[in-house]
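Taken in sequence, the protein lines are chains C and B.
Going by the numbering used here, the first sequence opens with residue 256, and the numbers climb by one from there.
Going by the numbering used here, the second sequence opens with residue 15, and the numbers climb by one from there.
Beta carbons are placed, not taken as given, at the ideal position from N, Cα and C, and that holds for glycine.
In this text the structure is predicted, and so the values were computed from the model without any measurement.
Below is one structure, written out as structure tokens; the observations come after it.
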Amino acid sequence: MKKIIKSQYFKITLLAVVILGAVSMGFILKDKYHDNTRHGAVRTSSDAFDRPEIPGLPAPDDLTKDVPVFGNWKNFTTKDGLPSDKCFCVRIDGDKVYVGTHDGLAVYENGKWRTYTTKDGLSHNGVVSVDVNEITGDVWIGTLGGLTKWSGGKFEVFNQFNSGMPNDLVYMVICDGRDVWCATGGGAGHYDTFTKEWEIFTEANAPMHEPWTYGVSAGDGKVFIAAWGGGVIEYNTKTKKFRDYTDPDGFMEIDLQPDDGVVHDITTATSWADGILWVSTYFGMSRYDGKYWKGYFDHDSGLASNFINFLRAEGPVAYVCSDNGLSSTNGTNWVTYKKNDNDANGVAIVTTGGVKKEIPLSPSIAHNFIIGVDAEDDVLWVATSKGVSRGEKIKY
Amino acid sequence: MKLQIRYTVVQFVIILVSLTGINAQEKAQNYGNIPNELVAYDKYMKAYKYHFIEPIEFYGAGREKKAPTDLKEVRIGFLGPLEGSILMNLGNQMLQGSILAIEEANARGGYKGIPYKLMVHNDFGLWGAAANEIVKMDDEKVWAWLGTIDDINSHVAIRATLKMEIPNVNTGDPDPTFTETNIPWVVRTIPDDRQSSYALVNRIFVKDGHKRVAMIRANNRYGRVGTLHFNRTATRLGFPVVIEERFSDGETDFTAQLERVKKSNPDAIAMWGNAKESALILKQIRAMGLKQPVYASDRVVSKDFLNIAGSLAEGVVTTCQYNPEADDPKLKKFKANYIKRFDMEPDVFAAHAYDGMNLIIQSVQRAGLNRALIRDVLTDMKISNGYKGVTGELVYDGTWNNIRPIFMAEVNNGKFEFYPAPKWEKEDIIYKKPAPRSTGEGYR
């Protein structure tokens, strides 16, 4: 054996094998590290995609559409009086704040929490969505088991058995003037609080494949339904006509062009403000100004994660609830909040004109899994899977 | 000298072969077993973003929750069509497979001495109702649930399971889009219609050489989504389906559809629907004098189909998600126990439910009574991926969808015979490439 190893032929063979091996591994590594298009998750910057500039986006230094930074966070959990740490939604109503949790509705007023459950008249303890009617002050509460109107201290329950509700699982409820809209597991429902009549929108009378609605928002005479698997359904309340927005490529496993429409058909929320429609999905986010779509992903923007549970726009800024942090954007600049894994602190990552700056936060938001958000004036409330957080606008 | 040259050659070959092996293992695989030739738009441009390459993480809270200490039973949810549905035969098989797994687990001592209890919920088939059943399961405090078959109801249910964060194992819904929802609480153990479509298209157009195929399908989501990849794949091969006819569940007279099929002059006919309607269509195809070979979706692998179609079923080719006749001691034992317990043969839904429920039980045993930790085990690529059940191995893709190789099924002498679906070999593809352009360019 030693003789063979020492032989000239063995050395030549070994050299040939090493060279072949190196060449072979070169191919493997090339395939592994450079062909990250189909086999990898995203294109790299060196593999640039021909993505034209979208007109109409705010300039990075446009102070009129600035993205505020929130700090001085205060976090609330069951230790502070919440019925559950799992918070699904939050809605600000003047001096009151409504927080929907897995185990009841929590109301924050004068620095104290009070809980309401089925014992008080709620249709179900799992409170998923809350909105307040600006005309009447009534509070509409979407739960895992029906819709509840809270008016004059009394709770009134709407469900499939006593009303024209499409389904008892209410993922989202909104008030739009005299109208109440809800997105449910069995279609979108519209309730006229004046006539007390219900309308149901499903695949039978709207451009949906299936009646799987998950979110709804309204503004400027239009209603935008996030139809899970069906993109966005726009309903014009004056003309009573629909139009739908879907991902034009028609494939679930890709986004062919990021700016050709909504980035994916599985939409989770819509929000309309300042003439801009914002759409969230579990695959990224879209912005639509009525003429141009723009898609945002975590690899090409300040977005915390592509898996987005919910979003809400206030003025020029959209607040985006992802599974790994809270982001806010005006379409150009970003502020993303992330809590540290091992302590209560975190950072606000400010991205302006492509330049990133980190602002330390102590404490930070309660948890990075964000489910709900609401902003009013200089205050931001955030519902997370481990409590609810209140932040104040800060200078940086 | 000659001896040394021989040694050299032998050494060279041995080392080269081992290097080839390394290369083979490193071969990249597309999401969902999509053949390279069928990657969406790939002949024209690369997509900006490819989803489902890697499984997504669950970043939410919940793993820190302590297990309750006062439980008298460990509840596992079940959702399936048991009453008031055309799928109730399949649903009852699914329930029985689940019951058998639960009973065996309890005979082994349950979870640390606490018995498992199946919380059974009927999948009414009304849109939206499935979501309400999941809410009830949350109220019942189930640790995980199994179900369902109907793809509409499955979709509705998993949205609810995401909201309430309850792990779900699906063992009966073949809708390819089911796991494409990107929900980190859902896994599927039964191979989907994407795999069936590739196998059928490969057989019909590539192996059997047909060029004009007529499709007659159920006018529901099962038919629409099930044929989606079949039609797309056939078109990409250069053989778009010549006509697509539809029928309703429960329909018995298909004359109008088949007259149109006849006029389209197909050289083969494909059916995508439930066993009963497919058998009736087959009978009426032959009654009209149409002699074309008939292919079908995997729902025909049932006694109902063979009983109704009789001798006309001979030669019908379909797919099956596993090999029910495999010479596997585990499968044989399951079949014997199932027949002893329920006095009937298990079908594909019973076998997959048995595996799915055992997967849940294994995850609970390993993770303890915590939904997030059970989810972690169910979706763990090192633990659950590769799980060997009576239906075969679990091979997850990036959406926790089982993409293990499936089987062809062909009726011969009154019974289905099963054999592995041939692999989609690139050299077998009859790909109609366009003639080179004047510039000399072809594709790419």
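The continuous beta strand (DSSP E) containing Met540 (chain C) extends over residues Gly539 to Tyr543. With a cutoff of 7 angstroms on beta-carbon distance, Trp286 (chain B) and Gly237 (chain B) are scored as near each other. The Cβ atoms of Phe413 (chain C) and Val383 (chain C) do not sit closer than 7 angstroms to each other.
Between Leu326 (chain B) and Leu296 (chain B), the C-beta spacing is below 7 angstroms.
Comparing alpha-carbon positions, the option among C:Val517, C:Ala568 and C:Gly476 lying closest to Phe497 (chain C) turns out to be C:Gly476. At least 7 angstroms separates the beta-carbon of Ser377 (chain B) from that of Val362 (chain B).
Nearest to Ala270 (chain B) by C-alpha distance, out of B:Asn288, B:Ile299, B:Asp263 and B:Leu114, is B:Ile299. In the DSSP assignment, Arg369 (chain C) falls within the unbroken beta strand (DSSP E) covering Lys367 to Tyr371. Pairing Met427 (chain C) with Gly440 (chain C), the inter-Cα distance amounts to about 10 angstroms. C:Tyr543 is the residue among C:Ile396, C:Phe538 and C:Tyr543 whose C-alpha sits nearest the C-alpha of Pro310 (chain C). Between Phe66 (chain B) and chain C, the shortest Cβ-Cβ separation is below 7 angstroms. Classified as buried, Ala443 (chain C) has 16 or more neighbouring CB atoms from the shown chains inside 10 Å of its CB. In this structure, Val478 (chain C) sits away from Tyr500 (chain C), with a CB-CB distance that is not shorter than 7 angstroms. Taking 7 angstroms as the CB threshold, Ala75 (chain B) lines the interface with chain C. Burial check for Lys593 (chain C): the Cβ neighbour count within 10 Å reaches 16 or more, so the residue is buried.
Counting the other Cβ atoms within 10 Å of the Cβ of Asp553 (chain C) gives 16 or more, which makes it buried. Here the segment 323-341 of chain B makes no contact with the segment 77-86 of chain B; the two share fewer than three CB pairs at distances below 8 angstroms.
Assignment of Tyr433 (chain B) by DSSP, reduced to helix, strand and coil, places it in the strand class.
Per DSSP, the beta-bridge partners of Phe421 (chain B) are B:Cys334 and B:Pro434. Listed in chain order, the non-local C-beta contacts of Ala381 (chain B) below 7 angstroms within the same chain comprise Leu387, Ile388, Asp390 and Val391, local neighbours out to five positions each way being set aside. The segment 73-150 of chain B contains, as complete alpha helix (DSSP H) runs of 4+ residues, the segments 102-121 (chain order).
Runs of the alpha helix (DSSP H) lying entirely within the segment 404-460 of chain C and spanning at least 4 residues: none are present. Annotation: Asn233 (chain B) has no Cβ neighbours in chain C at a cutoff of 7 angstroms; minimum Cβ distance is about 13 angstroms.
Close to chain B, meaning a Cβ-Cβ distance shorter than 9 angstroms, are the following residues of the segment 498-511 of chain C: Asp504, Gly505, Phe506, Met507, Glu508, Ile509, Asp510 and Leu511. For Asn564 (chain C), no Cβ of chain B is located within less than 7 angstroms of the residue's own Cβ. Ile148 (chain B) has its alpha-carbon roughly 45 angstroms from the corresponding atom of Asp222 (chain B). At the C-beta level, Pro315 (chain C) and Asn588 (chain C) come within 7 angstroms of one another. Only Leu424, Tyr426, Thr439, Gly440, Gly441 and Gly442 from the segment 424-446 of chain C bring a Cβ to less than 8 angstroms from some Cβ of chain B. When the five nearest sequence neighbours on each side are left out, the beta carbons in the same chain lying within less than 8 angstroms of the beta carbon of Pro462 (chain C) are those of Gly485, Ile488, Phe497, Arg498 and Asp499, in order along the chain. Fully contained in the segment 574-618 of chain C are the following beta strand (DSSP E) runs of length 3 or more, in chain order: 580-584, 589-594, 601-607 and 610-616.
Residues of the same chain with a CB within less than 6 angstroms of the CB of Glu411 (chain C), apart from the 5 flanking positions on each side, are Lys404 in chain order. By the criterion of a C-beta distance shorter than 6 angstroms, Lys549 (chain C) is surrounded in its chain by Ile309, Asp514 and Arg542, once the five residues flanking it on both sides are discounted. Its chain contains Ile347 and Glu569 as the residues whose beta carbon lies nearer than 8 angstroms to that of Glu631 (chain C), once the 5 sequence neighbours on both sides are disregarded; these appear in chain order. Separation of Leu558 (chain C) and Lys437 (chain B) (C-alpha to C-alpha, rounded to the nearest whole angstrom) is 41 angstroms. Counted as a single uninterrupted DSSP element, the stretch harbouring Tyr58 (chain B) is not any alpha helix (DSSP H), since DSSP gives it neither H nor E. The C-beta of Leu399 (chain C) comes closer than 7 angstroms to at least one C-beta of chain B.
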